[in-house]
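*Asks:* Encoded as structure tokens, here's the structure I'll be asking about.
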Amino acid sequence: MMVEVAQKRNVAVVAHHGAGKTSLVEAILYMLGNVDRMGKTEDGNTFSDFTDEERDRKVSIHSSLIHAEYKKHSINLLDLPGYADFIGEVKSCLHACGAAMFIINATSPVEVETEKAWGYADDFDLARVAVVNQLDKERADFHKAVNDLQAAFGKRCVPIQVPIGKEADFKGVVDLISMKAVTFDSKGKASLSDEIPAECQDLIDEYREMMMDCAAEVDEAVMEKYLAGETLSREEMLAGLKKAVSAKTCIPILCSSATKAIGTELVLDGIVDFLPSPERHNEVHGHRPGSEESVTIKVSDDSDLSALCFKTRIDPHAGRLSLVRIWSGTLKPDQGVLNSTTGQVVKFHNLLQINGKNQKNISEARAGDIIGIAKHDDLGTDDSLCSPSNPIVIPPTEYPPPTIQMAIHADDMKDDEKLGTHLHKIEEEDPTFHVRRDPETHQTVITGMGELHLDTIVYHLKHYANLNVALSTPKVAYRETVTAHAEGSYRHKKQSGGRGQFGEVHFKIDPMPRGGGFQFE
132 MMVEVAQKRN VAVVAHHGAG KTSLVEAILY MLGNVDRMGK TEDGNTFSDF
182 TDEERDRKVS IHSSLIHAEY KKHSINLLDL PGYADFIGEV KSCLHACGAA
232 MFIINATSPV EVETEKAWGY ADDFDLARVA VVNQLDKERA DFHKAVNDLQ
282 AAFGKRCVPI QVPIGKEADF KGVVDLISMK AVTFDSKGKA SLSDEIPAEC
332 QDLIDEYREM MMDCAAEVDE AVMEKYLAGE TLSREEMLAG LKKAVSAKTC
382 IPILCSSATK AIGTELVLDG IVDFLPSPER HNEVHGHRPG SEESVTIKVS
432 DDSDLSALCF KTRIDPHAGR LSLVRIWSGT LKPDQGVLNS TTGQVVKFHN
482 LLQINGKNQK NISEARAGDI IGIAKHDDLG TDDSLCSPSN PIVIPPTEYP
532 PPTIQMAIHA DDMKDDEKLG THLHKIEEED PTFHVRRDPE THQTVITGMG
582 ELHLDTIVYH LKHYANLNVA LSTPKVAYRE TVTAHAEGSY RHKKQSGGRG
632 QFGEVHFKID PMPRGGGFQF E
């Protein structure tokens, strides 16, 4: 479905591990009819965790691009890993998205990876919504979750729904905009009622006032009407909240039980109604290749092309797949474009719409689209693509330094060359993974973001490259150095046979400052 930029949404789905983001994506796909039944993370059969390793470990390791269509909108959801070991995936995908949806565990305080990712979303100036999930679980507490969010991220976190029922009795929500009670069928479809449970009234009064304040704050006409005590229409509240979300003065909080499909349709409504299109950042900023001259291009289908390859995935069976965000302009198959990072003019024979592990050829990609480009070795992560007549380099994603290093070797020495080849392929795919050969210890050393990160490398080598490897603590190349003043002398004397020999040497030695090198006088 080809839509205008205003009808596109690129949303990163972010959470600490275990909050249920993959389950929520699964519920969305099920409600839209994209899958026949809801998979479960614990069963290893969800749509977005489709690699063998993710199914074995039952966790998200790679970001997964999911495409959906809803209410004449084109939605790209990027389901991101929740472990710190895969922070590179999180940062690169946040860079490519215009908005984020944070999934909050209703049974826990705001967790550390949520806080980190929230900071990264601030770095990329992303609008966002929050979804309090798992409200059907034991000890789930929506009011506490709201207070925790406000304590962590400020009073701009504002509920726009109130749950009906607690824990196992959670069955729906009160929509504070329409003031309707909403229940859901087994597929997540919503049904509205005017009968609002009395036990919800206190929270409704408290939260609706917060919401109305946010809606009125960014629109002077709405503010005057609100202060005059007049009732705001649903359209006025939606418009005001959307402006506030775009201005980052409001972060709507929604309710969900993903595994029971409760709240799913309203989550989709929240994506469409509140989160901005790619036009929110209406200009692409970069610089000319090889210089510091700044370049600005308008976000529009009619502008010159600018795009960024934000992720590379190398599948042992399907080969290399590059995920590319089109910031401006239009890209078509076999169109000559400049890779301004490498200086090469390249052509791509096939452009792909990506939906999990599924791929579909498309005739063009336009501003705001996220697409796949298959089997193109001249396109790497963080490479910029642009029109040759208006070259631009888009700033690449900045990744944190590695936190762990280990030596690696193949069990069979004959596999050393094969090991090196596969490690460098993984390095192309993962910007937070690096490999080097230590010239002094003669060990191959790999670095990454944690033990789980490196463990996934070992899994990849074993299952996809048929390599058995072992990790060990890297050897330390110890050195000796002078640490204190010393002096000495030596006398050489030889008188027997032939000419006599005599020599005397005196020396003093002192340590230099660390890093000062060697000095002889």
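Per our numbering: the sequence shown ends with 652, consecutive numbering throughout. Yeah, the Cβ is synthetic: ideal placement off N, Cα and C, and Gly gets one too. All of these numbers come straight from a predicted model, not from anything done at the bench.
For Ala601 and Asp508, what's the separation of their Cα atoms in angstroms?
*Replies:* Numbered from its first residue, the sequence shown carries residue 601 at position 470. Numbered from its first residue, the sequence shown carries residue 508 at position 377. Distance between the alpha carbons of Ala601 and Asp508: 29 angstroms.
*Asks:* Take the Cβ of Tyr621 as the centre, count every other Cβ of all protein chains shown within 10 Å, and call the residue buried at 16 or more, exposed below.
*Replies:* Reading the sequence shown from its first residue, position 490 is the one you call residue 621. It is exposed - the Cβ of Tyr621 has fewer than 16 other Cβ atoms within 10 Å.
*Asks:* Among residues of its own chain, excluding the 5 on either side of Leu399, which ones have a beta-carbon nearer than 7 angstroms to its beta-carbon?
*Replies:* Residue 399 sits at position 268 when you count from the first residue of the sequence shown. Cβ neighbours of Leu399 beyond the five flanking positions: Ile159 and Tyr201.
*Asks:* May I ask you to list the residues that DSSP assigns as paired with Gly503?
*Replies:* For the purposes of this step, residue 503 is identified with residue 372 of the sequence shown, where counting begins at 1. According to DSSP, Gly503 bridges with Leu454 and Leu483.
*Asks:* When the Cβ atoms of the segment 134 to 143 are set against those of the segment 397 to 413, are three or more pairs found closer than 8 angstroms?
*Replies:* Result yes; three or more Cβ-Cβ pairs closer than 8 angstroms.
*Asks:* What is the DSSP secondary structure of Lys639, counted as helix, strand or coil?
*Replies:* By 1-based counting over the sequence shown, the position of residue 639 is 508. Looking at Lys639 - three-state DSSP - the assignment turns out to be strand.
*Asks:* Based on DSSP bridge pairs, tell me the residues matched to Asn489.
*Replies:* The count along the sequence shown starts at 1 and reaches residue 489 at position 358. Paired residue(s): Asn486.
*Asks:* Going by the DSSP bridge assignment, what does Ile206 pair with across the sheet?
*Replies:* Position 75 of the sequence shown, counted from the first residue, corresponds to residue 206. Ile206 is bridged to Arg140 and Ala199.
*Asks:* The alpha helix (DSSP H) spanning Tyr338 covers which residue range?
*Replies:* The residue given as residue 338 occupies position 207 in the sequence shown. It spans Gln332 to Glu348 - the alpha helix (DSSP H) in which Tyr338 sits, taken as one unbroken run.
*Asks:* Tell whether a beta-carbon distance below 8 angstroms holds between Thr390 and Lys442.
*Replies:* Along the sequence shown, read from residue 1 onward, the residue named residue 390 stands at position 259. Along the sequence shown, read from residue 1 onward, the residue named residue 442 stands at position 311. No, Cβ-Cβ distance for Thr390 and Lys442 is not below 8 angstroms.
*Asks:* Which same chain residues, not among the five before or five after Glu365, have their C-beta less than 7 angstroms away from its C-beta?
*Replies:* On the sequence shown, position 234 is the one that residue 365 refers to. According to the sequence provided, residue 365 is Arg. The question's Glu does not apply to it. Correct list, in chain order: Ile308 and Ser309.
*Asks:* For Lys275 and Pro328, what's the separation of their Cα atoms in angstroms?
*Replies:* For this step, residue 275 is matched to residue 144 along the sequence shown. For this step, residue 328 is matched to residue 197 along the sequence shown. So the two alpha carbons sit approximately 20 angstroms from each other.
*Asks:* Output the distance between the C-alpha atoms of Ile485 and Lys491, rounded to the nearest integer angstrom.
*Replies:* In the sequence shown, the residue the question calls residue 485 occupies position 354. In the sequence shown, the residue the question calls residue 491 occupies position 360. Taking the straight line from one Cα to the other gives about 7 angstroms.
*Asks:* Can you round the beta-carbon distance between Thr578 and Ile535 to whole angstroms, since I take them to be within the 8 angstroms contact cut?
*Replies:* Sequence index remark: in the sequence shown, residue 578 carries index 447 (1-based). Sequence index remark: in the sequence shown, residue 535 carries index 404 (1-based). That belief holds up - the Cβ atoms of Thr578 and Ile535 are roughly 7 angstroms apart, short of 8 angstroms.
*Asks:* Rounded to whole angstroms, what's the CA-CA distance from Met354 to Thr177? Just pull it up for me.
*Replies:* Taking the first residue of the sequence shown as 1, we reach residue 354 at position 223. Taking the first residue of the sequence shown as 1, we reach residue 177 at position 46. Roughly 45 angstroms separates the two Cα atoms.
*Asks:* Under three-state DSSP, which class holds Cys440?
*Replies:* Residue numbering aside, residue 440 sits at position 309 when the sequence shown is read from its first letter. Three-state result, Cys440: strand.
*Asks:* Below 8 angstroms on the Cβ atoms is my contact criterion, and I expect Leu257 with Ala230 to pass it. Report the Cβ-Cβ distance as a whole number of Å.
*Replies:* Taking the first residue of the sequence shown as position 1, residue 257 is located at position 126. Taking the first residue of the sequence shown as position 1, residue 230 is located at position 99. So it is a contact: roughly 6 angstroms between Cβ atoms.
*Asks:* For Ser459, write down the residues that DSSP places opposite it in a beta bridge.
*Replies:* Working through the sequence shown from its first residue, we reach residue 459 at position 328. DSSP lists Ser437 as partners of Ser459.
*Asks:* Just to confirm, are Asn278 and Asn236 a CB contact at a threshold of 8 angstroms?
*Replies:* Counting from one through the sequence shown, the residue named residue 278 turns up at place 147. Counting from one through the sequence shown, the residue named residue 236 turns up at place 105. Going by C-beta atoms, Asn278 is not nearer than 8 angstroms to Asn236.
*Asks:* Throw me the rounded Cβ distance for the Thr563 and Pro533 pair, which I believe falls under 8 angstroms.
*Replies:* Locating residue 563 in the sequence shown gives position 432, counting from the first residue. Locating residue 533 in the sequence shown gives position 402, counting from the first residue. Right, the Cβ-Cβ distance comes to about 7 angstroms (below 8 angstroms), so this counts as a contact.
*Asks:* Tell me which residues share the same chain as Gly551 and place their Cβ nearer than 6 angstroms to its Cβ, disregarding the 5 neighbours each side in the sequence.
*Replies:* As a first step, residue 551 is located in the sequence shown; it is residue number 420 there, counting from the start. There are no such residues.
*Asks:* Determine the direct distance from the alpha carbon of Pro240 to that of Asp272, and round the result to whole angstroms.
*Replies:* Position 141 of the sequence shown, counted from the start, is the residue given in the question as residue 272. Position 109 of the sequence shown, counted from the start, is the residue given in the question as residue 240. One C-alpha to the other measures close to 10 angstroms.
*Asks:* From which residue to which residue does the beta strand (DSSP E) around His148 run?
*Replies:* For the purposes of this step, residue 148 is taken as residue 17 along the sequence shown, with counting starting at 1. No beta strand (DSSP E) contains His148, which DSSP labels as neither H nor E.
*Asks:* Taking buried to mean at least 16 other C-beta atoms within 10 Å of its own C-beta, is Pro522 buried or exposed?
*Replies:* Taking the sequence shown and counting its residues from 1, the one referred to as residue 522 is at position 391. Buried, since its Cβ has 16 or more Cβ neighbours within 10 Å.
*Asks:* Compare the Cα-Cα distances from Ile192 to each of Val613, His584 and His623 and report the closest residue.
*Replies:* Within the sequence shown, numbered from 1, the residue matching residue 192 stands at position 61. Looking at the Cα atoms, His584 is the closest of the given residues.
*Asks:* Do the CB positions of Pro460 and Ser520 come within less than 8 angstroms of each other?
*Replies:* Working through the sequence shown from its first residue, we reach residue 460 at position 329. Working through the sequence shown from its first residue, we reach residue 520 at position 389. Residue identity differs from the one stated: residue 460 is Gly in this sequence, not Pro. Taking 8 angstroms as the Cβ cut-off, Gly460 and Ser520 do not qualify as a contacting pair.
*Asks:* Following the continuous beta strand (DSSP E) through Ile291, name the residue where it begins and the one where it ends.
*Replies:* Working through the sequence shown from its first residue, we reach residue 291 at position 160. Run containing Ile291: none; DSSP gives neither H nor E here.
*Asks:* For Ser603, name the three-state secondary structure that DSSP assigns.
*Replies:* Here residue 603 refers to the residue found at position 472 of the sequence shown. Note: Ser603 maps to strand in three-state DSSP.
*Asks:* If we count Cβ pairs, one from each stretch, closer than 8 angstroms, do we get three or more for the segment 295 to 307 versus the segment 335 to 344?
*Replies:* Because the criterion of three Cβ pairs below 8 angstroms is met, the segment 295 to 307 and the segment 335 to 344 touch.
*Asks:* Just to confirm, are Thr153 and Asp183 a CB contact at a threshold of 8 angstroms?
*Replies:* For the purposes of this step, residue 153 is taken as residue 22 along the sequence shown, with counting starting at 1. For the purposes of this step, residue 183 is taken as residue 52 along the sequence shown, with counting starting at 1. Not closer than 8 angstroms, so no.
*Asks:* Helix or strand or just coil, what does DSSP make of Ser422?
*Replies:* Numbered from its first residue, the sequence shown carries residue 422 at position 291. Three-state DSSP puts Ser422 in coil, outside helix and strand.
*Asks:* Pick helix, strand or coil for Val353, following the three-state DSSP scheme.
*Replies:* Along the sequence shown, read from residue 1 onward, the residue named residue 353 stands at position 222. Reduced to three states, the DSSP call for Val353 is helix.
*Asks:* Roughly how many angstroms separate the alpha carbons of Val524 and Leu323, rounded to a whole number?
*Replies:* In the sequence shown, residue 524 corresponds to position 393, counting from 1. In the sequence shown, residue 323 corresponds to position 192, counting from 1. Answer to the nearest angstrom: the Cα atoms are 50 angstroms apart.
*Asks:* Suppose the cutoff is 6 angstroms on Cβ atoms and the five residues either side in sequence are ignored; what does the same chain contact list for Ile493 look like?
*Replies:* Working through the sequence shown from its first residue, we reach residue 493 at position 362. Counting only Cβ-Cβ distances below 6 angstroms, and skipping sequence neighbours, we find Leu482 and Gln484.
*Asks:* Nearest to Pro642 by CA position, among Ala359, Lys189, Lys625 and Thr614, is which residue?
*Replies:* The sequence position of residue 642 within the sequence shown is 511, counting from 1. Nearest option by C-alpha distance: Thr614.
*Asks:* How big is the Cα-Cα spacing for Lys506 and Arg610?
*Replies:* As a working mapping, residue 506 is identified with position 375 in the sequence shown. As a working mapping, residue 610 is identified with position 479 in the sequence shown. Computed Cα separation, rounded: 46 angstroms.
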